[in-house]
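Peer 1:
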Amino acid sequence: MSRNQNFEQWIGLMRDFLGDDFWTEVTGSNQTYQPKADVLHSDHEVVVLIDIPGIQDVGVLDIRVEGETLYVRGEVPPSWEHCEPVLTERFKGKFERVIPLGEAVRRRPGGARYRKGVLEIRLTRLSADRYQARVEAEEG
Numbered sequence: 001m002s003r004n005q006n007f008e009q010w011i012g013l014m015r016d017f018l019g020d021d022f023w024t025e026v027t028g029s030n031q032t033y034q035p036k037a038d039v040l041h042s043d044h045e046v047v048v049l050i051d052i053p054g055i056q057d058v059g060v061l062d063i064r065v066e067g068e069t070l071y072v073r074g075e076v077p078p079s080w081e082h083c084e085p086v087l088t089e090r091f092k093g094k095f096e097r098v099i100p101l102g103e104a105v106r107r108r109p110g111g112a113r114y115r116k117g118v119l120e121i122r123l124t125r126l127s128a129d130r131y132q133a134r135v136e137a138e139e140g
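UniProt numbering numbers the first residue of the sequence shown as 1 and each following residue consecutively.
1. May I ask you to check if the CB of G111 is nearer than 7 Å to at least one heavy atom of the ligand ATP?
2. So, at 8 Å on beta carbons, what are the nonlocal neighbours of D62 in its own chain, with the 5 sequence-adjacent residues on each side left out?
3. In this structure, does DSSP put I52 in helix, strand or coil?
4. Expressed to the nearest angstrom, what Euclidean distance is found between the alpha-carbon atoms of G102 and T124?
5. Rounded to a whole number of angstroms, what is the C-alpha to C-alpha distance between V86 and N6?
6. Beta-carbon within less than 8 Å of E68's beta-carbon, same chain only, minus the 5 sequence neighbours each way: which residues are those?
7. Quick check on L13: buried or exposed, where buried means 16 or more other Cβ atoms within 10 Å of its Cβ?
8. According to the neighbour-count rule (16 or more other Cβ atoms, all chains shown, within 10 Å of its Cβ), is V98 buried or exposed?
9. Do I55 and V76 have their CB atoms nearer than 8 Å?
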């Protein structure tokens, strides 16, 4: 077993024994990785771009919308487990991101895709729905 595997096993045992909040309480900071994100507004939708390289199955991501906030949670699996790491700078492990959208949107994404390490989520703006409904009512 490599030193890295021993350390990861030790961290897992400590987390099981002390709980996930232990290190946050001791250091006074949140240790959860937060991927970088952009939020863009168009006339009819809000587009969210999130950098999450290393995801192998986007179907296991927990993505939900509440009000004007998008919540994304998941895990980047370790790669190259059969090799001894010499330098490790790329993120692997659990992550969570709470993203303010700045606009009320429908709870169900209008579309999502993952390409080249970037998760793109498209959400329909509720103000666009109200605007379209008002135009339709004036025509009739």
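Idealized CB from N, CA, C, for every residue including glycine.
Peer 2: Short version:
1. With respect to small molecules bound, the structure shown includes none, and the ligand ATP cannot be examined in it.
2. As a working mapping, residue 62 is identified with position 62 in the sequence shown. Y71, V72, R73, G74.
3. Residue mapping note: residue 52 aligns to position 52 of the sequence shown, counting from 1. Coil, per DSSP.
4. For the purposes of this step, residue 102 is identified with residue 102 of the sequence shown, where counting begins at 1. For the purposes of this step, residue 124 is identified with residue 124 of the sequence shown, where counting begins at 1. If I take the Cα positions, the gap works out to 13 Å.
5. Residue mapping note: residue 86 aligns to position 86 of the sequence shown, counting from 1. Residue mapping note: residue 6 aligns to position 6 of the sequence shown, counting from 1. Cα-Cα distance, rounded: 15 Å.
6. Taking the first residue of the sequence shown as position 1, residue 68 is located at position 68. Counting only residues of its own chain and dropping the five nearest sequence neighbours on each side, E68 has a CB closer than 8 Å to the CB of P100, L101, G102, E103, A104, V105.
7. For the purposes of this step, residue 13 is taken as residue 13 along the sequence shown, with counting starting at 1. L13 should be labelled exposed.
8. As a first step, residue 98 is located in the sequence shown; it is residue number 98 there, counting from the start. Answer is exposed; the Cβ neighbour count stays below 16.
9. Along the sequence shown, read from residue 1 onward, the residue named residue 55 stands at position 55. Along the sequence shown, read from residue 1 onward, the residue named residue 76 stands at position 76. For the pair I55 and V76, the CB atoms are nearer than the 8 Å cut-off.
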